[in-house]
Every structure is written in structure tokens, then in C-alpha cells.
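Q: Sequential numbering from 168 applies to the sequence shown in our numbering. Quick reminder that beta carbons are idealized off the backbone N, C-alpha and C, glycines included. It should be emphasised that the depicted structure is a prediction, and the values quoted were computed from it without experimental measurement. Here it is, the structure, as C-alpha cells.
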Amino acid sequence: MAQSSAQTGAATTAGPLLAAENLNTGYGDTQVLWDISLEVQRHEVVAIVGANGAGKSTLLAALSGLIPAWSGLIRLNGKSITNKRPERIVAAGLSHVPQGRRLFAALSVEENLKLGAYTRRAGSAQAIREDLDRVYQLLPKLRERRTQLAGSMSGGEQQMCAIGRGLMARPDLLLVDELSLGLAPMVVDDILGAVDTIHRESGLSFLLVEQDVQIALERADRGYVIESGRIVATGTGRELLTSDRVRAAYLGE
Ligand SMILES: Nc1ncnc2c1ncn2[C@@H]1O[C@H](COP(=O)(O)OP(=O)(O)OP(=O)(O)O)[C@@H](O)[C@H]1O
Ligand SMILES: [Mg+2]
């Protein structure tokens with residue numbers, strides 16, 4: 168995919184692509200995230216790692232407008248997206264591949280991909296066709312499977328399809344929640360290879376959420392460690408991987 172901020176028409180500013188400042192949120196009366204501040208620069212791959220229940224998916228839900236921010240600020244391309252509707256946030260350039268993939272099992276791969284384009288402003292059939300072709304170029308296995316029902320595909324194929332659907336919105340930033348969950352190591356390698364290709368060829372930024380700390384930090388430019396809803400460490404992927412805190416808490420060393 169070509170440089171996407173030009174495609175989406177989003178303002179390109181000198182600041183970070185995504186910035187969250189002092190974000191607080193939760194469910195009902197229960198606060199889950201506490202004063203979360205983080206940034207993703209253009210063309211960066213950033214990882215968020217942490218244990219079960221740390222608040223990783225909640226953070227992505229807040230960034231993509233699926234749950235409201237109680238306080239704090241979220242900016243994309245310099246503009247506030249705080250508490251905007253999810254479809255407006257997608258249109259502004261942020262696309263979310265949810266944990267568990269959430270494909271429409273009874274629809275084909277191609278139908279699922281097309282649904283990813285639904286918020287697009289220039290949604291002409293021709294533009295959608297071109298985007299489908301681009302997604303098929305980046306993820307050739309999806310082309311082979313385009314008429315197969317999503318529900319009949321393997322977990323790895325479904326994850327590819329979910330990523331492809333996210334790309335159909337022509338995002339500047341793709342949030343991917345638990346890319347590796349439930350997949351065999353070889354399948355994970357395959358999908359990560361696809362992510363590398365997409366990153367290299369499109370310059371797209373990624374925010375990867377992972378329980379598998381090693382997988383995420385190995386390929387991230389930078390990472391954040393989240394514990395009980397708070398960011399407790401940040402640094403380059405390598406710094407975090409070799410830090411005592413991460414080694415002791417997540418790598419069993
Ligand atoms: N829809 C919801 N309603 C109420 N509480 C929720 C909801 N979703 C998550 N929580 C709670 O918020 C906390 C953080 O959950 P979250 O799913 O964000 O963690 P996570 O880091 O993504 O965990 P995992 O690695 O298991 O996916 C947990 O205590 C969880 O029980
Ligand atoms: Mg989660």
C-alpha cells in the first residue's frame with residue numbers, strides 16, 4: 168500500500184502519529200487503565216506487552232473508540248480522536264484487528280475483506296477493487312482463498328484475513344491484538360513475515376499487543392510493558408528484552 172496519510176487525506180504533522188496522554192478508563196465503576204501515556208511515530212512498530220488481564224485489549228478498545236476514555240487525550244495525526252465514534256476513528260486512519268479476529272464465519276474471505284472498506288470516504292467499487300488487489304499482493308494466500316468461507320479456514324488463515332480486513336480501511340496505524348494467540352510457531356512466523364512485508368512495503372505503523380513478550384519485542388522498534396493497567400517500563404524492543412524486569416516477569420529467567 169502506498170503512503171497512507173496521503174491516501175486518507177489526514178493531516179501530516181511533525182508530531183507523533185498516535186499519542187495518548189494520561190488516559191484513564193474502565194468498565195462500569197471499575198477502573199482498568201491508569202494514566203496511560205504512549206506514542207507511536209510514523210513507520211514505527213510498537214509493542215505493548217503484559218500478562219493476562221493487564222489491560223492490553225482495554226487499551227486498544229479505548230484507542231479505537233470502542234469504549235470511552237474517562238479522562239485523558241488521544242491524538243492521531245495531531246488531531247484529537249478522544250471519544251469519537253469508532254467509524255470516524257477508522258476513517259481518520261486507525262484500524263483495529265481485534266483479539267479473536269471477529270470474522271464473519273459465514274461470509275467468504277473476499278466478503279470479509281470488503282467489509283473492512285466500509286468506512287472509507289472514497290468507497291467507489293473501482294477503489295475497493297484496487298485495494299483488494301493490493302491486499303492480495305501483500306497477503307497472496309488470501310487471494311488463493313478468496314471464495315472460501317472465513318469460518319472454514321485455519322486459525323492462521325483467519326488471522327491473515329483479519330489483518331487484510333484491517334488494511335482495507337487504508338490505515339496509517341494498524342492495531343493488532345494478540346496476533347500469535349492459539350497459533351503454532353510456524354504459523355506465527357508466517358504471519359509475522361507478512362507483517363514485516365507490509366511494514367516494509369507500505370511504511371504502515373503497527374501497534375502490536377502480545378502476551379508472547381519475546382515475539383513482540385524482537386520485532387518492535389519500541390515497547391511498553393503494562394501491569395495492572397499501568398505502564399511500568401518502556402524502551403526499545405531490545406532494551407526491554409534484555410531488562411531484568413522483563414526477563415524475570417515474562418521470560419521466566
Ligand atoms: N467488557 C468488559 N467488562 C468488564 N470488565 C472487563 C471487560 N473486558 C475486560 N475487562 C476486565 O478488564 C481487565 C483488563 O482486561 P483486558 O482484556 O484488557 O486484559 P488483557 O491484557 O487484554 O488480557 P489478555 O492477555 O488475557 O487478553 C480485566 O480485569 C478484565 O476482567
Ligand atoms: Mg487481551
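#1: Using 8 Å as the threshold, is the stretch 234-253 in touch with the stretch 393-413, meaning 3 or more CB pairs across them?
#2: Is there at least one non-hydrogen atom of ligand 1 closer than 7 Å to the beta-carbon of V292?
#3: Taking a cut-off of 7 Å, which residues have a beta-carbon closer than that to any heavy atom of ligand 2, in chain order?
#4: Under the three-state reduction of DSSP, which class applies to Q304: helix, strand or coil?
#5: Along the beta strand (DSSP E) that carries N189, what are the first and last residues, could you check?
#6: Just to confirm, does A221 get its C-beta within under 7 Å of one of the non-hydrogen atoms of ligand 1?
#7: Which word fits A336, buried or exposed, when buried means at least 16 other C-beta atoms lie within 10 angstroms of its C-beta?
#8: Kindly identify the DSSP beta-bridge partner or partners of V207.
#9: Kindly give me the distance between the Cβ atoms of L185 and V216, rounded to whole angstroms, as I take these residues to be in contact under 8 Å.
#10: Could you check where the beta strand (DSSP E) with Y391 kicks off and where it finishes?
#11: Using C-beta distances below 6 Å, list every residue in its chain close to T175, excluding the 5 sequence neighbours before and after it, in chain order.
#12: Who are the Cβ neighbours of E295 in its own chain at under 6 Å, not counting the five residues just before and after it?
#13: Counting along the chain, where does the beta strand (DSSP E) carrying E345 start and finish?
#14: So does Y194 have its beta carbon nearer than 7 Å to some heavy atom of ligand 1?
#15: Using 8 Å as the threshold, is the C-beta distance between N191 and G239 below it?
#16: Answer with buried or exposed for Y417, where buried requires no fewer than 16 other C-beta atoms within 10 angstroms of its C-beta.
#17: Excluding the five sequence neighbours on either side, which residues of its own chain have a C-beta within less than 6 Å of the C-beta of T401, listed in chain order?
#18: In the DSSP assignment, find the alpha helix (DSSP H) that holds A228 and state where it starts and stops.
#19: Buried or exposed, going by whether 16 or more other CB atoms sit within 10 Å of the CB of E277?
#20: Skipping 5 residues on each side, what residues in its chain have a beta carbon closer than 6 Å to that of I256?
A: On the basis of the supplied data:
#1: no
#2: Taking the first residue of the sequence shown as position 1, residue 292 is located at position 125. Here residue 292 is Ala; the residue named in the question, Val, does not match the sequence. Checking every heavy atom of ligand 1 against the Cβ of A292, none is found closer than 7 Å.
#3: K223, S224, Q266, D344, E345, V376
#4: Within the sequence shown, numbered from 1, the residue matching residue 304 stands at position 137. Q304: helix per DSSP, three-state reduction.
#5: Translated into positions along the sequence shown, residue 189 becomes position 22. Its beta strand (DSSP E) spans residues 185-194.
#6: As a first step, residue 221 must be located in the sequence shown, where it is residue number 54. Answer for A221: yes, Cβ within range of ligand 1.
#7: Numbered from 1 along the sequence shown, position 169 holds the residue referred to as residue 336. Answer is buried; the Cβ neighbour count reaches 16.
#8: On the sequence shown, residue 207 is found 40 positions in, with the first residue counted as 1. L185, per the DSSP bridge assignment.
#9: Counting from 1 along the sequence shown, the entry for residue 185 is found at position 18. Counting from 1 along the sequence shown, the entry for residue 216 is found at position 49. Not quite, the Cβ-Cβ distance comes to about 17 Å (not below 8 Å), so this is no contact.
#10: Reading the sequence shown from its first residue, position 224 is the one you call residue 391. It spans 389-394 - the beta strand (DSSP E) in which Y391 sits, taken as one unbroken run.
#11: Along the sequence shown, one-based indexing puts residue 175 at 8. With a pLDDT of 45 at T175, under the threshold of 50, the predicted position of this residue should be treated as unreliable, and no value is reported.
#12: As a working note, residue 295 is residue 128 in the sequence shown. Correcting the residue type first, residue 295 is Ile in the shown sequence and not Glu. A284.
#13: Position 178 of the sequence shown, counting from 1, holds the residue named residue 345. E345 -> no beta strand (DSSP E), and no H or E assigned at all.
#14: Working through the sequence shown from its first residue, we reach residue 194 at position 27. Within the cutoff, so yes.
#15: In the sequence shown, the residue the question calls residue 191 occupies position 24. In the sequence shown, the residue the question calls residue 239 occupies position 72. Yes; because the gap between Cβ atoms is below 8 Å, this pair is in contact.
#16: In the sequence shown, the residue the question calls residue 417 occupies position 250. Classification for Y417: buried.
#17: To locate residue 401, count along the sequence shown from 1; it is residue 234. Counting only Cβ-Cβ distances below 6 Å, and skipping sequence neighbours, we find Y391.
#18: Residue 228 sits at position 61 when you count from the first residue of the sequence shown. That run of the alpha helix (DSSP H) goes 223-230.
#19: For the purposes of this step, residue 277 is taken as residue 110 along the sequence shown, with counting starting at 1. With 16 or more Cβ atoms within 10 Å of its Cβ, E277 is classed as buried.
#20: What you label residue 256 is simply residue 89 of the sequence shown in a count that begins at 1. Cβ within range, chain order: S231, G232, I248.
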